[in-house]
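Reviewing the structure listed below.
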Amino acid sequence: MPPESISTTVVDGLALANEIRKELGEAVGRHVSAGRRAPRLAVMLVGDDPASASYIKGKRRACERIGMDSTEQTLPAAASQEDVIAAVEALNADEGVDGILVQLPLPAGLDANAITGCVDPAKDVDGLHAMNAGRLLLGEPCLTACTPLGIMEILERFEIPLEGADAVVIGRSNIVGKPVSLLLQRANATVTMCHSRTRDLRERCRAADVLVAAVGVPLLVKRDWVKPGAAVIDVGVSVVDGVLTGDVDTAGVDGVARIVTPHRRGVGPMTITMLLRNTLTAYESRIGT
Ligand code: GUN
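For what it's worth, my numbering labels the leading residue of the sequence shown as 1, then goes sequentially.
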């Protein structure tokens with residue numbers, strides 16, 4: 001099919017997110033109507049990174065809108081590893097907390113893996129604990145990282161065929177690249193994980209039916225990197241001259257991709273929605289419904 005004949009859908013991640021949040025709000029409402037407490041998410045911020053503070057505000061608002069409780073705890077940038085771990089352990093012990101999220105990145109000097117590894121796996125709504133990451137690898141039920149879940153939801157709702165599809169993931173982070181590769185593989189795609197040392201990256205991307213860019217290199221994926229009819233998912237967030245920029249040249253892939261997620265109102269709202277869903281899942285497992 002010549003590229004000109006493809007009509008590209010720019011995914012409205014916010015509209016999709018709102019549909020799912022409505023269902024989640026109804027589920028929360030049913031618990032509360034039955035006399036149970038609302039689920040509660042605890043978010044921890046270490047330091048005062050403005051981008052992180054703004055993400056946390058979005059999470060708090062999203063909780064409020066569906067009737068979920070949230071708490072926020074800020075530790076100083078100078079907090080020690082022991083201080084942060086003690087704060088995580090207090091949340092683990094708090095019966096009223098269902099989900100715990102330690103906002104990343106952490107200030108330099110803190111060991112993020114050691115800290116996320118202290119979160120109770122039953123409250124690990126980021127899916128970063130080795131228990132959850134390992135269970136994902138083994139194909140067992142677990143709490144899974146939110147952005148990968150959001151990506152899978154977008155692919156499903158847009159009916160992108162994954163069975164036997166060639167999927168390319170650029171980026172190998174613990175929070176996006178690795179888990180989304182496993183989820184795509186579980187959906188029977190053939191997955192290639194690419195990264196900064198990959199040779200012939202453009203050629204590999206051009207072979208992809210599903211292309212996930214999660215590497216943080218502004219506008220890396222250009223029109224001639226995309227196979228006609230591919231689903232292109234942009235997870236990258238970079239700031240270029242004060243402007244938020246994704247990994248994909250969204251305008252450039254118009255008329256080539258079948259769907260593309262924009263860097264604003266694309267995957268981001270879906271990530272928050274999956275955080276709400278994970279918190280509800282953790283709550284329901286904990287209260288035994
Ligand atoms: N910072 C940016 N995205 C995320 C996320 O999904 N989880 C956490 N904990 N921190 C983040």
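For glycine and all other residues, C-beta sits at the position ideal for the given N, C-alpha and C.
Does the distance between the C-beta of residue i and the nearest non-hydrogen atom of ligand 1 fall short of 8 Å?
i           : result
residue 226 : no
residue 126 : yes
residue 145 : yes
residue 103 : yes
residue 275 : yes
residue 279 : no
residue 54  : no
residue 175 : yes
residue 271 : yes
Shortest alpha-carbon distance to residue i belongs to which of the options?
i           : options              : result
residue 135 : 104, 182, 98 and 93  : 182
residue 208 : 245, 236 and 229     : 229
residue 140 : 132, 146 and 147     : 132
residue 215 : 236, 35, 201 and 288 : 236
residue 143 : 175, 227, 72 and 44  : 175
residue 198 : 18, 185, 168 and 223 : 168
residue 245 : 226, 178 and 268     : 268
So residue i packs on residue j, CB below 8 Å; how close in whole Å?
i           : j           : result
residue 262 : residue 238 : In fact, because the Cβ distance is near 14 Å, the residues do not count as touching under 8 Å.
residue 39  : residue 69  : 7 Å
residue 210 : residue 6   : Not quite, the Cβ-Cβ distance comes to about 15 Å (not below 8 Å), so this is no contact.
Excluding the 5 residues flanking residue i on each side, which residues of the same chain have their C-beta closer than 7 Å to its C-beta?
i           : result
residue 89  : 118
residue 149 : 274
residue 188 : 162, 163 and 164
residue 27  : 280
residue 87  : 44, 73 and 75
residue 266 : 11, 13 and 234
residue 286 : 98 and 122
In three-state DSSP terms, what is residue i?
i           : result
residue 118 : coil
residue 285 : helix
residue 270 : helix
residue 98  : coil
residue 3   : Low local confidence applies: a pLDDT of 48 at residue 3 is under 50, so the model's placement there is unreliable, and no value is given.
residue 84  : helix
residue 219 : coil
residue 40  : strand
residue 142 : coil
residue 261 : coil
Once the 5 residues before and after residue i are set aside, which same chain residues still bring their CB inside 8 Å of it?
i           : result
residue 92  : 100, 118, 119, 120 and 123
residue 65  : 21 and 25
residue 221 : 170, 205, 211, 213, 232, 234, 247, 248, 249 and 253
residue 223 : 249, 252, 253 and 256
Looking at residue i and ligand 3, is the gap between the Cβ and the nearest heavy atom below 8 Å?
i           : result
residue 154 : What this structure holds is ligand 1, not ligand 3.
Residues in the same chain with beta-carbon distance under 6 Å from residue i, minus the five sequence neighbours each way, listed in chain order, please.
i           : result
residue 22  : none
residue 47  : 77 and 107
residue 152 : 183
residue 283 : 39 and 98
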